[in-house]
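**Student:**
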Amino acid sequence: MAAVDETVSLNVSSISIKVDLSNYVGIDITRLRVSPFSKVIGDWEAMSFGSPGEFRHVVLALLPVIILSIRFVCNAYMAAKLLYKRRESVFWLNMLQAAVGVIAAFCAALRGLAPWAISCSSVAYTSALDIYAGTSAIVGILFAKAYYGTNRSRPVLYLGTAAILLTFGVGLMANWALVTFEYASGRCAMALDYRWIVAKFSVDISSNIFLSGSFLYAMWIQSRNRRHHLFWMLFQDGLIYGFSIILSNVIATTIVLTMRSLSFWHAHIYAIDLSTLICWQIWYAQKRQRSNKTRTKPVKMADLGIIDDSAQHTPQQSWTAASASQTGQTSQQTSTQATAISEHTAVAAWLSEVKKDASTYPEADRLLE
Numbered sequence: 001m002a003a004v005d006e007t008v009s010l011n012v013s014s015i016s017i018k019v020d021l022s023n024y025v026g027i028d029i030t031r032l033r034v035s036p037f038s039k040v041i042g043d044w045e046a047m048s049f050g051s052p053g054e055f056r057h058v059v060l061a062l063l064p065v066i067i068l069s070i071r072f073v074c075n076a077y078m079a080a081k082l083l084y085k086r087r088e089s090v091f092w093l094n095m096l097q098a099a100v101g102v103i104a105a106f107c108a109a110l111r112g113l114a115p116w117a118i119s120c121s122s123v124a125y126t127s128a129l130d131i132y133a134g135t136s137a138i139v140g141i142l143f144a145k146a147y148y149g150t151n152r153s154r155p156v157l158y159l160g161t162a163a164i165l166l167t168f169g170v171g172l173m174a175n176w177a178l179v180t181f182e183y184a185s186g187r188c189a190m191a192l193d194y195r196w197i198v199a200k201f202s203v204d205i206s207s208n209i210f211l212s213g214s215f216l217y218a219m220w221i222q223s224r225n226r227r228h229h230l231f232w233m234l235f236q237d238g239l240i241y242g243f244s245i246i247l248s249n250v251i252a253t254t255i256v257l258t259m260r261s262l263s264f265w266h267a268h269i270y271a272i273d274l275s276t277l278i279c280w281q282i283w284y285a286q287k288r289q290r291s292n293k294t295r296t297k298p299v300k301m302a303d304l305g306i307i308d309d310s311a312q313h314t315p316q317q318s319w320t321a322a323s324a325s326q327t328g329q330t331s332q333q334t335s336t337q338a339t340a341i342s343e344h345t346a347v348a349a350w351l352s353e354v355k356k357d358a359s360t361y362p363e364a365d366r367l368l369e
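See the structure below:
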């Protein structure tokens, strides 16, 4: 087939390329309104693997993708362990957002390492999946925490459901807002419609403002009931992770909206910090609960059958034995000092015998811990 010259104008930048248009794969760029701050930089056709410098350029471009893939795999491992122990809806959502993050990062890395194995459009679709499925799951986890933290408030339930649906809907539109260019050399370039970025930024701001209000209300309820310090609640209940996720939403979208040539990284930048924060929050919350359940309580004297009557007697009369005699004579003679001292001596002797012969009393070791 004959190759023709085609000049493509993208964001007041002219890129002259010589390609076979019959092999062109992508979306009609004339229908795209890219951000005025973003553009495709570099001559993709001139890049090759002939020189060491160009090879290093490709390796450095793949390095962030590989690092993100490792981080997503770690998040998925944590989410899988949590889900294995407790199969509840929140842990399923946590596993979902980690899994789609692994898929998106793996496809992006595979495209750089083996361009013939996966198309640019597939990378774009997995990135969009990470946006509308992964981030919607994270928003669902945050609103579940806010819902239970506010004593199952109905306004939180209704507004949270609306925020989740809006997040999913706007994220789903990324399939049409994310445009992929595939050149004859097999390399890809991507761009996001700035109208979509502004729409997602608006949804994020609205849901984050409501989430912040819900968390503050939950903190007010807990501080009023438990009378704990504000900083203790931030770390103990994992609320600091919730506020960090809210702040991360705004920062990630602002960076992509205002900085050049970051449209391709939007899905990964937006997802990696949210995924990591939510996994660490749930991980440490479960770890704290397990440590509280396994913490042993000190054995009280009453558990040994010894009653402390120090509030009614002198220090020398503080020891009595509740089970020293089955006939009830002990309870009738506790008024005299001599009887109290003799009972104290009997209890001490009983404890000494227990220590000497643990086989006679199988529960002795447990009681004396």
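In full-length UniProt numbering, the protein residues as written are 1 to 369. For every residue, glycine included, the Cβ atom is placed at its ideal position computed from N, Cα and C.
Quick check on the burial criterion: 16 or more other C-beta atoms within 10 angstroms. Buried or exposed for lysine 85?
**Tutor:** That one is exposed.
**Student:** Please state whether DSSP places threonine 150 in a helix, a strand or coil.
**Tutor:** Reduced to three states, the DSSP call for threonine 150 is coil.
**Student:** Which residue wins for smallest C-alpha separation from tryptophan 220, given the options Ala146, Cys120, Leu172 and Thr180?
**Tutor:** Closest by alpha carbon: Ala146.
**Student:** Using only the alpha-carbon positions, how far apart do alanine 133 and leucine 96 sit?
**Tutor:** Looking at the two C-alpha atoms, the distance is approximately 8 Å.
**Student:** Residues in the same chain with beta-carbon distance under 8 Å from valine 73, minus the five sequence neighbours each way, listed in chain order, please.
**Tutor:** Here the set comprises Val102.
**Student:** In chain order, what residues of the same chain have a beta carbon less than 7 Å from the beta carbon of alanine 174, not counting five sequence neighbours either side?
**Tutor:** Contacts found: Ala128, Ile131, Tyr132 and Trp196.
**Student:** Return helix, strand or coil for alanine 109, following the three-state DSSP convention.
**Tutor:** Alanine 109: helix per DSSP, three-state reduction.
**Student:** Could you check where the alpha helix (DSSP H) with alanine 128 kicks off and where it finishes?
**Tutor:** Counting along the chain, the alpha helix (DSSP H) containing alanine 128 begins and ends at 120-129.
**Student:** Could you check whether valine 170 and valine 198 sit closer than 7 Å to each other, using their CB atoms as the reference points?
**Tutor:** No, Cβ-Cβ distance for valine 198 and valine 170 is not below 7 Å.
**Student:** So, at 6 Å on beta carbons, what are the nonlocal neighbours of leucine 62 in its own chain, with the 5 sequence-adjacent residues on each side left out?
**Tutor:** Result list for leucine 62: Gly112, in chain order.
**Student:** Does the separation of the CB atoms of threonine 167 and serine 214 fall below 7 Å?
**Tutor:** Taking 7 Å as the Cβ cut-off, threonine 167 and serine 214 do not qualify as a contacting pair.
**Student:** Glutamate 88 to cysteine 279, Cα distance in whole Å?
**Tutor:** If you take the alpha carbons of glutamate 88 and cysteine 279, they lie about 15 Å apart.
**Student:** Using C-beta distances below 7 Å, list every residue in its chain close to alanine 338, excluding the 5 sequence neighbours before and after it, in chain order.
**Tutor:** Confidence is the limiting factor: at alanine 338 the pLDDT is only 46, short of 50, which leaves the residue's position unreliable, though a coordinate-based value still follows. Result list for alanine 338: empty, nothing under 7 Å.
**Student:** Using the three-state DSSP reduction, which class does alanine 80 fall into: helix, strand or coil?
**Tutor:** If DSSP states are grouped into helix, strand and coil, alanine 80 belongs with the helices.
**Student:** Alanine 114 and serine 69: beta carbons closer than 7 Å?
**Tutor:** Taking 7 Å as the Cβ cut-off, alanine 114 and serine 69 do not qualify as a contacting pair.
**Student:** How many Å lie between valine 65 and lysine 200 at the Cα?
**Tutor:** Cα to Cα, valine 65 sits roughly 23 Å from lysine 200.
**Student:** Determine the contact status of serine 136 and isoleucine 164, defining contact as a CB-CB distance below 7 Å.
**Tutor:** Cβ distance < 7 Å, so serine 136 and isoleucine 164 count as in contact.
**Student:** Comparing C-alpha positions only, which one of Ala104, Ala162, Ile205 and Asn208 sits nearest to isoleucine 67?
**Tutor:** Considering only alpha carbons, the answer is Ala104.
**Student:** Determine the burial state of arginine 71: buried for a count of at least 16 other Cβ atoms within 10 Å of its Cβ, exposed for fewer.
**Tutor:** Counting Cβ neighbours within 10 Å, arginine 71 comes out buried, since at least 16 surround it.
**Student:** Taking leucine 159 and alanine 177 to be in contact with their CB atoms under 8 Å, please state how far apart those CB atoms are, rounded to whole angstroms.
**Tutor:** Not a contact, Cβ separation roughly 25 Å.
**Student:** Nearest to valine 123 by alpha carbon, out of Ser207, Ala144, Ala79 and Val100?
**Tutor:** Answer by Cα proximity: Val100.
**Student:** Could you tell me which of Tyr148, Thr161, Leu216 and Ile251 sits nearest to isoleucine 205, measuring between CA atoms?
**Tutor:** Taking only the C-alpha atoms, the option nearest isoleucine 205 is Ile251.
**Student:** Report all residues from its chain with a CB closer than 6 Å to the CB of alanine 144; omit the five preceding and five following residues, and keep chain order.
**Tutor:** Hits under 6 Å: Val90.
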